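Peer 1: Heads up: the sequence shown begins at 986 in my numbering, then just goes up one per residue. C-beta: ideal position from N, C-alpha, C; glycine also. Since we're looking at a predicted model, the values are computed, not measured.
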Amino acid sequence: MDFGYPQNLSPEILKLYITQEGVRSPFTSKASDKPIPNATLQVTGAVGWRREGLVYKKNEVFLDIVESVNLLMSSKGSVLRCDVTGKILMKCFLSGMPDLKLGLNDKIGLEKESQMKSRPAKSGKTIELDDVTFHQCVNLTRFNSEKTVSFVPPDGEFELMKYRITEGVNLPFRVLPTIKELGRTRMEVNVKVKSVFGAKMFALGVVVKIPVPKQTAKTSFQVTSGRAKYNAAIDCLVWK
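As structure tokens, then:
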């Protein structure tokens, strides 16, 4: 705090000072074995999101890329709008103050919209990332010059970067629904799911949710593969 204004709100740093243990009395003769963290150094230092002195028997780094496809289709099955939102999650258990580097594929472009309009069209397929945001640990100067994500990671789990893709999105599946009303109290739903990715790829944990009216009382299914059931809690037919 500086004149009542917080200077550092990083959770990694606040955990060092906000604990469930009692405060050691100044009259206690026995000195603590653990060194008292220097708050001023953590605030004014170059790496305020990671404390010093971390030691692990085994250095490990885990990286996950999570992407979500947002899609709007017409009643005839044509795609009206499609974009992908993604994020890179990391878990780091490393000793000391490591400097990590993460290289991006040459097909990935991160140019601003104004720069893209002024430059001629590139040959070949490129993936343009929009609305890219990085964790505060990333060295933006080095990224702009070398196109390399260089950073000193926080300890534990954190989100390294987020991005969005709006051009050149290839859908992994095509869903073709057909709905027929069989009177005032009955309806028939026919759903076909077709995979459109390469033969060398495969999908795991595929779930299709079909919304139905809230007053649905009874359902029956005919499936060619997998299993389906009615989930009244979310008013959906769920196929797995």
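Given V1051, which residues of its chain have a CB within under 7 Å of its CB, disregarding the five upstream and five downstream residues?
Peer 2: These residues qualify, in order along the chain: G1071, K1072, L1074.
Peer 1: Closest to P1157 by C-alpha separation, out of M1186, I1003, S1135, would be which residue?
Peer 2: When each option's Cα is compared against that of P1157, the closest is M1186.
Peer 1: Hey, how far is the Cα of V1123 from the Cα of F1136?
Peer 2: Going from the Cα of V1123 to the Cα of F1136 covers about 4 Å.
Peer 1: Below 8 Å on the Cβ atoms is my contact criterion, and I expect D1116 with C1077 to pass it. Report the Cβ-Cβ distance as a whole number of Å.
Peer 2: In fact, because the Cβ distance is near 25 Å, the residues do not count as touching under 8 Å.
Peer 1: What are the boundary residues of the beta strand (DSSP E) that includes L1056?
Peer 2: L1056 -> beta strand (DSSP E) spans 1045–1058.
Peer 1: Kindly indicate which three-state DSSP category N1090 falls into: helix, strand or coil?
Peer 2: Here N1090 sits in coil by DSSP.
Peer 1: Whose C-beta lies closer than 7 Å to the C-beta of D1049 among residues of the same chain, with five residues either side of it excluded?
Peer 2: Closer than 7 Å at the Cβ level, and outside the excluded window around D1049, lie L1074.
Peer 1: Measure from the alpha carbon of T1170 to the alpha carbon of each residue in Q1200, G1153, V1069, then state which is nearest.
Peer 2: Among Q1200, G1153, V1069, the Cα nearest to that of T1170 belongs to Q1200.
Peer 1: Please report how far the alpha carbon of N1055 lies from the alpha carbon of G989, in whole angstroms.
Peer 2: Rounded to the nearest angstrom, the two C-alpha atoms are 43 Å apart.
Peer 1: What did DSSP end up calling T1118 once you bin it into helix, strand or coil?
Peer 2: Strand, per DSSP.
Peer 1: Given a cut-off of 7 Å, decide if V1223 and K1194 are closer than it, judged by their beta-carbon atoms.
Peer 2: Yes, Cβ-Cβ distance for K1194 and V1223 is below 7 Å.
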